[in-house]
Amino acid sequence: DAKTTQPNSMESNEEEPVHLPCNHSTISGTDYIHWYRQLPSQGPEYVIHGLTSNVNNRMASLAIAEDRKSSTLILHRATLRDAAVYYCILRDAAGSGNTPLVFGKGTRLSVIA
Amino acid sequence: EAGVVQSPRYKIIEKKQPVAFWCNPISGHNTLYWYLQNLGQGPELLIRYENEEAVDDSQLPKDRFSAERLKGVDSTLKIQPAELGDSAVYLCASSFRDRHYNEQFFGPGTRLTVL
Numbered sequence: 010d011a012k013t014t015q016p017n018s019m020e021s022n023e024e025e026p027v028h029l030p031c032n033h034s035t036i037s038g039t040d041y042i043h044w045y046r047q048l049p050s051q052g053p054e055y056v057i058h059g060l061t062s063n064v065n066n067r068m069a070s071l072a073i074a075e076d077r078k079s080s081t082l083i084l085h086r087a088t089l090r091d092a093a094v095y096y097c098i099l100r101d102a103a104g105s106g107n108t109p110l111v112f113g114k115g116t117r118l119s120v121i122a
Numbered sequence: 004e005a006g007v008v009q010s011p012r013y014k015i016i017e018k019k020q021p022v023a024f025w026c027n028p029i030s031g032h033n034t035l036y037w038y039l040q041n042l043g044q045g046p047e048l049l050i051r052y053e054n055e056e057a058v059d060d061s062q063l064p065k066d067r068f069s070a071e072r073l074k075g076v077d078s079t080l081k082i083q084p085a086e087l088g089d090s091a092v093y094l095c096a097s098s099f100r101d102r103h104y105n106e107q108f109f110g111p112g113t114r115l116t117v118l
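Going down the list, the sequences are from chains X and V.
Going by our numbering, the first residue of the first sequence is number 10, and it counts up by one from there.
Going by our numbering, the first residue of the second sequence is number 4, and it counts up by one from there.
Laid out in structure tokens, this is it:
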């Protein structure tokens with residue numbers, strides 16, 4: 010799986026938007042971009058994923074650069090509950106849908122009240 | 004619907020002792036994963052099962068670690084004997100295999116401390 014690069018940590022004020030960047034300059038044409046997050050003392054949970062087009066769901070939005078070498082996870086209004094480690098992961102869609110996730114260190118997001 | 008269940012949540016043992024972790028995946032999920040998470044790091048895959056078959060165990064230290072998934076449902080991960088460096092969180096995850104992308108659902112993990 011191709012490697013991703015994320016900032017070690019970010020800080021946000023409560024109720025403000027948060028943009029979490031991810032660089033993946035060696036992404037291949039069949040790699041999906043996934044985001045998972047891990048709240049304190051919990052296992053990771055799925056946030057969102059996409060291939061080429063921007064994606065929205067109830068948790069977040071995913072903005073993918075036109076050349077797909079970078080992406081941004083957008084939390085529209087951060088809450089204290091969004092404080093977590095956010096992982097950007099590339100996953101080859103060419104194989105089984107159940108290939109393991111390859112995690113990096115992620116970005117630790119702190120939310121200030 | 005219940006999520007992935009793991010037990011125990013916490014375990015403290017002395018080195019050289021055996022330890023076992025148990026995982027019950029989400030009902031109907033035929034793929035089960037065990038991940039290891041060291042402090043400050045992301046999870047790393049130890050083993051993946053498709054039903055009862057271990058299809059990817061290349062990262063499992065087989066000299067001391069073993070796993071089984073009898074009947075393709077529950078799974079047990081065992082360490083014997085435990086070493087100080089095994090202190091970590093052991094995460095279980097499950098997903099449903101089909102030809103499309105499938106979200107992985109994680110349990111809360113078992114935090115192991117080896118003294």
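Virtual Cβ for every residue (Gly too), placed ideally from N, Cα, C.
* Inter-stretch contact at 8 Å, needing at least 3 Cβ pairs: the region 80–100 of chain X / the region 67–78 of chain V -> no
* Run through DSSP, which three-state label would X/Ala-110 get? -> Here residue 110 of chain X turns out to be Leu, not Ala, going by the sequence shown. Looking at X/Leu-110 - three-state DSSP - the assignment turns out to be coil, as it is neither helix nor strand.
* With contact counted as at least three CB pairs below 8 Å, one residue from each stretch, are the region 38–46 of chain V and the region 87–98 of chain V in contact? -> yes
* With a Cβ-Cβ cutoff of 8 Å, do V/Leu-49 and V/Ser-78 count as a contact? -> no
* To do: Please say whether V/Leu-87 and V/Val-22 have beta carbons closer to each other than 8 Å?
  => no
* To do: Quick one: grab the DSSP three-state call for V/Lys-81.
  => strand
* Is the beta carbon of V/Asn-105 sitting closer than 8 Å to the one on X/Asn-107? -> yes
* Using only alpha-carbon positions, find the residue among V/Pro-111, V/Ala-85 and V/Gly-6 that is nearest to V/Gly-31. => V/Gly-6
* Who pairs with X/Ile-57 in a beta bridge, going by DSSP? -> X/Trp-44
* Cβ pair X/Pro-109, V/Asp-59 closer than 8 Å -> yes
* **Min CB distance X/Leu-29 to chain V below 8 Å** => no
* Rounded to whole angstroms, how far is the Cβ of X/Ala-93 from the Cβ of X/Leu-118, which I believe are closer than 8 Å? -> 6 Å
* Does DSSP classify V/Lys-14 as helix, strand or coil? -> strand
* To do: Return the first residue and the last residue of the beta strand (DSSP E) that X/Arg-100 is part of.
  => 93–101
* To do: Return no unless some Cβ of chain V is closer than 8 Å to the Cβ of X/Gln-15.
  => no
* Asked: In the region 45–78 of chain V, which residues sit with their C-beta less than 8 Å from some C-beta in chain X, listed in chain order?
  -> Gly-45, Pro-46, Glu-47, Leu-48, Arg-51, Glu-53 and Asp-59
* **Candidates X/Cys-97, X/Lys-114 and X/Ala-122, of which the one nearest X/Tyr-41 by Cα** => X/Cys-97
* Roughly how many angstroms separate the alpha carbons of V/Val-8 and V/Trp-25, rounded to a whole number? -> 8 Å
* To do: Select from X/Phe-112, X/Leu-99 and X/Arg-90 the residue whose C-alpha is nearest the C-alpha of X/Asn-22.
  => X/Arg-90
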